Amino acid sequence: AERLSRGQSAVWIFVPCGDEDRDKSALAMLQQRNEINHKRLTVPTAEELDIEPARLENNKLPLRIEFSVVTLDRADAREAFLLRSLAQSEADLPNNEPLAFPVFGRGRVLYGLVGAGIMPETIDTACTFLSGPCSCQVKNQNPGFDLLLAHDWEQAVAGSMLSDALPDESAEPRLLTIPPGRK
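So the sequence shown is residues 685 to 867, counted in my numbering.
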């Protein structure tokens, strides 16, 4: 939560399986692709975000492309709840494969990458999606789930909202334009 609050694009939670070779290979791939994506991707422009340039320039939390990795210890009782939350996020996640979960925003997990699925294409796809233009109004259409985190998000990101707050449920619906992706 602290890393996200400081403006990182995403924090990957890596869950080793216990097989040293597979864990080392998967973690190295994840770290390598994060470095490449850090250099390859760019922060969306105000136009792509569909906001006034001044709003982006005056944002308390400057947008930047940065990804990091936190390794979860399966044997640490203090991490058991987080491990269960991640491992049970999809019905068929194995416990004998390394797992990687990109976490973004206010603790939203995009999805899990498993074993051989921790590869350049899947890592790059997640990093591109997470660093591209988005709209908080379409959160319900985004894949993933929210992690239960003890963090004061309102305090941490106060003054850094790029999009408007969601309207009250009784408000009239309005048509949203979703910006096109970068080519």
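Just so you know, even glycine gets a beta-carbon here, dropped at the ideal spot from N, CA and C. None of these values were measured; they are calculated from a predicted model.
Residue 791 sits close to residue 830, with the two beta carbons spaced by under 9 Å. Distances from the alpha-carbon of residue 774 to those of 693, 828, 712, 686 put 828 closest. Taken through DSSP and simplified to helix, strand or coil, residue 748 comes out as coil. CA-CA distance, residue 707 to residue 864, rounds to 36 Å. Around the CB of residue 780, fewer than 16 other CB atoms lie within 10 Å, so the residue is classed as exposed. Of the other Cβ atoms in all chains shown, fewer than 16 fall within 10 Å of the Cβ of residue 690; this residue is therefore exposed. In this structure, residue 699 places its C-beta atom within 9 Å of the C-beta atom of residue 784. Only exposed fits residue 754, as fewer than 16 other CB atoms lie within 10 angstroms of its CB.
Nearest in C-alpha terms to residue 720, of all of 855, 805, 856, is 805. In this structure, the alpha-carbon of residue 709 lies about 22 Å from that of residue 776. Taken atom to atom, the span from the alpha-carbon of residue 789 to that of residue 778 is near 26 Å. Relative to the Cα of residue 813, the nearest Cα in the group 772, 702, 795 belongs to 795.
Around the CB of residue 694, 16 or more other CB atoms lie within 10 Å, so the residue is classed as buried. Under the three-state reduction of DSSP output, residue 827 falls in the coil class, being neither helix nor strand. Each residue's CA atom was taken as its position, placing residue 787 and residue 856 some 32 Å apart. Per DSSP, the unbroken alpha helix (DSSP H) holding residue 804 starts and ends at 804 to 815.
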